[in-house]
Each structure stands twice: as C-alpha cells, then as structure tokens.
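Chains as they are written, first to last, in the numbering used here: chain A, 1 to 113; chain B, 1001 to 1112.
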Amino acid sequence: DAGITQSPRHKVTETGTPVTLRCHQTENHRYMYWYRQDPGHGLRLIHYSYGVKDTDKGEVSDGYSVSRSKTEDFLLTLESATSSQTSVYFCAISKGSSYNEQFFGPGTRLTVL
Amino acid sequence: GENVEQHPSTLSVQEGDSAVIKCTYSDSASNYFPWYKQELGKRPQLIIDIRSNVGEKKDQRIAVTLNKTAKHFSLHITETQPEDSAVYFCAASKERTDKLIFGTGTRLQVFP
C-alpha cells in the first residue's frame, strides 16, 4: 500500500461547512496528489505537490485548496463544501522515478448534504 | 493538453474468454502508459505499465500493447476469471512531468 493513509475514511457534512482531508505517507516521497472520483469521470486531478510548500493546480481545482508543510502530510481543504463536492477522494504518491508511477491511498468518501 | 479516451465503458465476457480494453491519447510526447485495476470499494492499483521504447509487455495473463504511430494502447486479459471483474483505468504521462491523465474507466464483468 506504499505506506499511504487517508483520514477520515468517511465523512458526512453540510453545505457551507469547511472540510479538511488528510493524506499521510511514511516513505518520504516527494510527489503527492489529490484526485476525486465520480461515476463517468474517472479520476480527476484536483491539486498536487512536488515538495514542501510547493503545490500546483490540477484540472478541477476550483473550490479546493491544499497545503503541505511537512513531507509526509498533504492536506486538502474544502473552504465551504457544496453538494457537487460529494465524491470519493483519493490521495496518491509518486516515487519520483523518470516515469510517473503513482500509488493510491485507500480513499475518503465525502458526502455533502 | 493531453486527453485520454477509453473504450468500451462496459465489457461483459464469459469466464475463460479474452477481454480487450483500448485507449487513445492525444499528446505524441506521452511516453508512459500505466493501467490500474479498481475493485469495488477499493483503491486503484497499478497492474501493468508500458513505456514508449517497447511495443508490448506481458505479465502472466495480462498484456499491454502500444502503437505510437496511431497513439493508442490496449490492455489484453486472457483466460478471464471472475476475480478479474473490476473497473480498469488507463492513463498517460510524459517523461519527467508531474501528472497522469486518466481515461474514464471500463467496467469489466466476467461471468462464470
């Protein structure tokens, strides 16, 4: 499982509330990613990080922010959750070889009511 | 930017038959093509990948082929078994870039 954990694994929240999801890795990998998975859309990149305090946007970044203050932790924040952000969120890491082999965490199922 | 299309979206086969899933990509500079398998309620798992310097790669019952001229690559599963039932995703990436671009997935059902 490449030493990746996500917390919480399930969360139900209400529209307008802030939500933070945590991804934690134990193997000191440089690259970390946040994806959302929705039926019919596959895996879509939200944000990613290539080092401490170095982050960049993916294809569906609106409404999300990230932070990486330590190599092992990558946080995804929904500042004001909306129902359209109901999804399964996966964190991934890349081992930083020449090719972008990515390994995924167990996922967080988020429901916004 | 890169775009990856995947077909079919669903595929049903009888146990023991072969299954083929196809993906096309748009960026001719892409040179890394992984395949992920995702069982219901689980995380995507890397099952095989291919790099642009080879045309085919095999691992037991699964194989991936790459046609760089046509910009498409395919996953082949032979002698399918019920435990092969899952959603399969293809993806593409350029060397030394940060991102994978995923296809939309194929739900494979293998009937006993």
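Just so it is clear, CB atoms sit at the ideal spot from N, CA and C, and this is done for glycine as well.
Contact set between residue i and chain B, taken where Cβ atoms lie within less than 8 Å
i     : result
A/G3  : Ordered by position in chain B, no residue passes the 8 Å Cβ test against A/G3, which lies about 13 Å from the chain.
A/F90 : R1043, P1044
Where the beta strand (DSSP E) containing residue i begins and where it ends
i       : result
A/R22   : 19 to 25
B/K1057 : 1056 to 1059
B/A1019 : 1019 to 1025
A/T15   : Where A/T15 is concerned, there is no enclosing beta strand (DSSP E), given that its DSSP letter is neither H nor E.
A/Y42   : According to the sequence as given, residue 42 of chain A is Gly; it is not Tyr. First-last of the beta strand (DSSP E) with A/G42: 42 to 51.
B/S1012 : 1010 to 1014
B/N1067 : 1062 to 1067
B/R1107 : 1106 to 1111
A/R143  : In the structure as shown, chain A starts at 1 and stops at 113, and residue 143 of chain A therefore has no counterpart that could be examined.
A/K57   : 54 to 57
A/D73   : 73 to 78
B/L1046 : 1045 to 1051
B/A1086 : 1086 to 1092
DSSP state of residue i mapped onto helix, strand, coil
i       : result
B/P1034 : strand
A/D62   : coil
A/Q85   : helix
B/E1005 : strand
Listed by chain order, chain A residues near residue i by CB distance under 7 Å
i       : result
B/F1102 : G42, L43
B/F1089 : G42, L43
B/G1105 : G42
Any C-beta of chain E under 9 Å from that of residue i
i     : result
A/G58 : Here the protein chains are A and B, and chain E is not one of them.
*Taking a Cβ distance cut-off of 8 Å, strictly less, list which residues of the segment 98 to 112 of chain A are near chain B, in chain order.*
With the criterion set as a beta carbon lying under 8 Å from some beta carbon of chain B, the members of the segment 98 to 112 of chain A are S98, Y99, N100, E101, Q102, F103, F104, G105, P106, G107, in sequence order.
*Within 9 Å of chain A by C-beta, residues of the segment 1010 to 1034 of chain B in sequence order*: N1031, Y1032, P1034
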